[in-house]
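Undergrad: Residue numbers (this note's numbering), protein chains in the order written: chain A, 255 to 991; chain B, 6 to 215.
Ideal placement from N, C-alpha and C gives every residue a C-beta, glycine not left out.
(1) Starting from the N-terminal side, write out each stretch of the beta strand (DSSP E) that is 3 residues or longer and does not extend beyond the segment 23–49 of chain B.
(2) Return the CA-CA distance between residue 193 of chain B and residue 948 of chain A, expressed in angstroms with no decimal places.
(3) Kindly indicate if chain B contains any beta-carbon less than 8 angstroms away from that of residue 745 of chain A.
(4) Is the shortest distance between the beta-carbon of residue 327 of chain A and the beta-carbons of chain B less than 8 angstroms?
(5) Is there a C-beta anywhere in chain A that falls below 8 angstroms from the one on residue 104 of chain B?
(6) Do residue 978 of chain A and residue 585 of chain A have their beta-carbon atoms positioned less than 8 angstroms apart in this structure?
(7) According to the Cβ coordinates, are residue 846 of chain A and residue 832 of chain A closer than 8 angstroms?
(8) Is there contact between the segment 968–983 of chain A and the segment 862–882 of chain A, where contact requires at least three CB pairs shorter than 8 angstroms?
(9) With a threshold of 8 angstroms on Cβ separation, who are the neighbours of residue 517 of chain A within its own chain once the five nearest residues in sequence on each side are excluded?
(10) Please report the residue range of the beta strand (DSSP E) in which residue 323 of chain A lies.
(11) Starting from residue 574 of chain A, trace the beta strand (DSSP E) both ways and give me its first and last residue.
(12) Can a CB atom of chain A be found closer than 8 angstroms to the CB of residue 114 of chain B?
(13) Span of the alpha helix (DSSP H) holding residue 404 of chain A?
(14) So is residue 831 of chain A in contact with chain B if we call contact Cβ pairs under 8 angstroms?
(15) Please classify residue 616 of chain A as buried or exposed, where buried requires at least 16 neighbouring CB atoms within 10 angstroms.
(16) Let's see if you can read the secondary structure: which residues bound the beta strand (DSSP E) around residue 757 of chain A?
(17) In the segment 45–58 of chain B, which residues sit with their C-beta less than 7 angstroms from some C-beta in chain A, listed in chain order?
(18) Taking the alpha-carbon positions, what's the residue 78 of chain B to residue 339 of chain A distance?
(19) On the three-state DSSP scale, how would you describe residue 702 of chain A?
(20) Kindly indicate if chain A contains any beta-carbon less than 8 angstroms away from that of residue 163 of chain B.
(21) Return the CA-CA distance between residue 736 of chain A and residue 75 of chain B, expressed in angstroms with no decimal places.
(22) Is any beta-carbon of chain B found at less than 8 angstroms from that of residue 1054 of chain A?
(23) I'd like to know whether the C-beta of residue 488 of chain A is nearer than 8 angstroms to at least one C-beta of chain C.
(24) Counting contacts by CB-CB distance shorter than 8 angstroms, is residue 124 of chain B in contact with chain A?
(25) Taking all protein chains shown into account, decide if residue 275 of chain A is buried (16 or more other Cβ within 10 angstroms of its Cβ) or exposed.
(26) Closer than 8 angstroms, Cβ to Cβ, to anything on chain A: give me those residues from the segment 18–44 of chain B, in chain order.
(27) For residue 709 of chain A, write down the residues that DSSP places opposite it in a beta bridge.
(28) If you measure beta-carbon to beta-carbon, which residues of the segment 900–926 of chain A are closer than 8 angstroms to chain B?
(29) Determine the closest residue to residue 333 of chain A out of A:633, A:884 and A:905, with distance taken between C-alpha atoms.
(30) Assuming residue 213 of chain A contacts residue 294 of chain A (C-beta within less than 8 angstroms), just tell me the rounded distance between them.
(31) What number of angstroms, rounded off, separates the C-alpha of residue 808 of chain A from the C-alpha of residue 140 of chain B?
(32) Assign residue 197 of chain B to one of two classes, buried (16 or more other C-beta atoms within 10 Å of its C-beta) or exposed (fewer than that).
(33) Per DSSP, what are the beta-bridge partners of residue 641 of chain A in this structure?
(34) If contact is defined by three or more beta carbon pairs under 8 angstroms, each pair taking one atom from either stretch, is the segment 683–699 of chain A in contact with the segment 712–724 of chain A?
(35) Could you say if the segment 667–681 of chain A and the segment 364–372 of chain A meet the contact criterion of at least three C-beta pairs nearer than 8 angstroms?
(36) Tell me whether the beta-carbon of residue 591 of chain A lies closer than 8 angstroms to the beta-carbon of residue 507 of chain A.
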C-alpha cells in the first residue's frame, strides 16, 4: 500500500511544470543536425511532421508536406509537441517510494529497480497466483510495443489480466464493426470523403479532436456535399454545416432507427445491395417500424422537421460518408449506437466504393494498431481470439509455448480495478495509461491504487496514477524509439527515432525485456530492436483477419504507408475495404464482408436510456470531451506552456437559458455535483449547447478532474464507460467549496 | 503564389498562432491575431494576418519612415534602427495588425514569412492550418478548390478604400445564417445579425442569394 505524497513537494519535484521555447529552440539561424521525418505523437490521424534535431535535442519542427494525409497541416498540439523533449519534469532515473524525502520518491539505480520489480512480481504471483498481477497498457504505444506487452503478459507473467486504455476509446466501434462487417477498421481512406454528396457526422468534435479531418469535410462541402452534424453542441465543424441535429446525449440509436424508418418508408434504400450483400434486414426493418418521426423527435430532442430533412438528404444521396467518434461510443449502449449507424449505411448500400464510406474516427496515436495485436484482454495478434483453440495454437507455436500454457481471456481495464477491490488482484504494472485521470468515478480508482500491494509504473513523466507507485521506471518518448503505428484510415506508418533517451531513461521494450529477464523468463524477450519485433509480429498476424505479413519497414517508407490487410510482400495494401469483388480470409471470395458467406450483418439496435438519467435531484445531463489544445489525460500537454495558456483550466459550458434559471453569469464559479463527487468550475455561458446539457473537458487531474463525477456504467459488450452521460446538479458556488 | 484568408473555415484551433511563433525571424512571438467574434453566441473565430496593403496605412502614418514594403509587395516589420515605438501604426492600421513589442521597443508584424516565401516555401501559418482557412497557393488552385467563394482584395473603411496583396474569401451565395442550438429543438430561436459593411459592394451575386 502506498499513499500519495504531499502534493506541493511532489509538484516541485515532478511537475507538471510548463515548458516554453528557450535555449537552442529560441535561437535563430541554428543549423539543425538532422530533420527527422516522422509523425506527431498525439492523435489517431498521425500527421506527418519533421523534427528538427540539434545536439540530441528536438528543438523545433518543420512541416512535412510529402505525407499525403496532412500535407504539412498540423494542429497546435503538433506544432508545440517538440516542447515535451528536454523537459524539466522528465524522469531521468528509476525511483522508489520514499516517505522520508520531500516529493515522496528517491532515485534508484535502474538495475536495482528492475530487481525489486521482479522480486515483487514473483512474490505476488507465488502467493496469490499468476492472475493476481495485472498489466495496464495504452494505445499510444507503437504496434511493436503493444504486441510485446500482450506477449509479455501471457508468456512471461502468465497472467490473464492485461487490458489497455483503448477500453476508453474505440472498443464500442470495434465491437460494432466486428458484429456488422466481421472486421474492425475504417472502411475507407479519407480521400473518399472528398466526393461524397452527404457527409454525416455523429458525435465527433472533428475540428478539436481530429482537426486535419476538417479540411476533408469542408473540401467535400466545396465540392457540393451537404454536411449533417449530430451533436449536443455546436462545435466548430457544426458551425457551417448544412443541417445540425442537436441531439440529447444518450439518444443516438433512437435517431439512427428513426432515420432508417424514414428510409424504408420512402424506399430510400438499396434493395439490390441489401439482398445480395447483407443478412438480417427484415428483423431490423420490423424493429424500426415503431420509430416514427414523432417518437424519434420525442426521444432525441431533435425537431421532427430536422429529422425528416436529414433522412431525405441521406436517403436520396448517390454517394456518402458517415463518420462517428466517441460521442456515440462512450455510452452504456455504445455498441448499439454504432450498430444503428451501420444499419443506416448498409441500407443505403453506399459502402465499399469510391466516395461511399464509413469510419469511426480513432482517438489515440495508435488507436487502430494498438487494438489489433494482443494487448486487449480477449485478443491475440492478428486480431485473433484468445478463446479460439485454433488461434491459440497458431500463436502458441509462434511464441514457442504450448497452447494450454496461454492464459484465457482476462477482464477489461475497469474490471481490473474492481478485482483489486475484491482482493483478487494485488500487483499492477502500467505503461502509457493514466487511469486516475482518465477513468470515470476516479476517486474509486485512487483508492484501488492505494490498495495494491505493489504497483510499478513505466512512464517518461510522473503522471498522476504513477504518484501511487512503489517503483517508477523511466520510459521513452515517442521520438526516442522507432516502430510502426496504424493511423485513423488503417494505414500502417513508421515512427522514426530522432534522439537518444536521456539519463537512465530507456526504450520501453528494453524495460519490458529487462523485467522478463529479471523474473527468469527471458526466452522470447531477447529482441535487439523494434524491427525484430515487427518481423515476429508479421508472422504472428499472417493468415489472421488483421494481416500485416506483407508489410515491411522498407515498403512503408517507399509507399508512405501501407493499408492492411497486406497478405504478401507483392501486395500493395488495401486502402478501401469491402470492394465488390474483394477477397478476404474469412469469406474466401464468397463476398466482400468478413463472414463465411461474405455478407454484412444488420443488427437490431434497441434503444435504452442512459444508465443514469436525470431526476429532480440531479436534473442536468453532464457530457464530457476534449479541447483542441489538450490531449487525453494531459500527461504531455499539461506540461507544454503554450498549449496550457491556450485553455488553462476546465470550464463548464452552459446555455444562457439554463444560466439564467440558475442565476449564473459567464465567469461565475459554480459547484457541479453528481452522486459520485463534486467539482468547482467557472461557467462559460454560450448559446452553443443544449439547455438541458452541460459540458466539461476531462484533461485535468485532482480537484479539476471531471471524472470524479462521471459514472462507471459500462457497455455490456465493449465495456466502454459512459463518459458522455450522467446526471448532475449545478449551483452558483458560495466561495466555500 | 498568393495568400487567401477564408474566415468561414476557421475553427479557432490556434495552430497558426502557435506556428507563427516558431518562425525564424520572430521566434517566440506570434504575429497572428485570432479572436472569437462573439463566443457567447457562436464558435466563429477570425484569423487576422497582415493584409499587405498596396498603400500601407501603417507606413503612411509612420513619423520615422521605419516601415518598408518590398518590391514584391510585402510590408515588413519596422526597421529596428528607425522605429521609435510611437504606436502610430498600431492605432492606424484598419485591420489591427501591427503589434508593439514593448520588450524590444519595436513594432512587429506579419511579414508573410518572408524568410520562407522568398525561398519558395509556404508561410508557416498557411502550411499548418488544419482547415485551410489560411491558404497559400495560386489563384487557379483557389478557384478550383473554393468554387463557392470569391477572392476579394478591396475594402472600404469610411472614406478610405484599400487594396491588398492578401485576399479575403467571401461566400458567393449570401451571408451565413446565424444558428442557435435551440433552433432545431423546436424552441424559440435567439436570432442575431452582425453586419459589418467593410467589404466592397457587389461582393455577393445578389441574384444568387438564397
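TA: Reading it off the structure:
(1) 38–41
(2) Summary for residue 193 of chain B: the model assigns pLDDT 41, below 50, so the residue's position carries little reliability, and this model does not support an answer.
(3) Residue 745 of chain A does not count as touching chain B.
(4) yes
(5) no
(6) It is a contact, given that the beta carbons lie within the stated cut-off.
(7) Their beta carbons are under 8 angstroms apart, which means residue 846 of chain A touches residue 832 of chain A by this criterion.
(8) yes
(9) 523, 565, 568, 569, 598, 601 and 602
(10) Residue 323 of chain A -> no beta strand (DSSP E), and no H or E assigned at all.
(11) Unbroken beta strand (DSSP E) run through residue 574 of chain A: 574–578.
(12) no
(13) 397–405
(14) no
(15) buried
(16) From DSSP, residue 757 of chain A is part of no beta strand (DSSP E); its letter is neither H nor E.
(17) Answer in chain order: 45, 46, 47, 48 and 49.
(18) 39 angstroms
(19) helix
(20) At least 8 angstroms separates the CB of residue 163 of chain B from every CB of chain A.
(21) Spanning the two alpha carbons is a distance of roughly 45 angstroms.
(22) Nothing in the structure corresponds to residue 1054 of chain A, since chain A is present only between 255 and 991.
(23) Within the model displayed, chain C is absent; protein chains A and B are what it includes.
(24) no
(25) buried
(26) 18, 19, 20, 22, 23, 24, 26, 27, 29, 30, 32, 33 and 44
(27) A:682
(28) Result list: 900, 909, 910, 911 and 920.
(29) Nearest in C-alpha terms to residue 333 of chain A, of all of A:633, A:884 and A:905, is A:884.
(30) The structure shown does not extend to residue 213 of chain A, since chain A spans only 255 to 991, so no value can be given for it.
(31) 33 angstroms
(32) In this predicted model, residue 197 of chain B has a pLDDT of only 37, less than 50, meaning its place in the structure is not dependable; the value taken from the coordinates is given anyway. Result: exposed.
(33) Beta-bridge pairing links residue 641 of chain A to no other residue.
(34) yes
(35) Here the segment 667–681 of chain A makes no contact with the segment 364–372 of chain A; the two share fewer than three CB pairs at distances below 8 angstroms.
(36) yes
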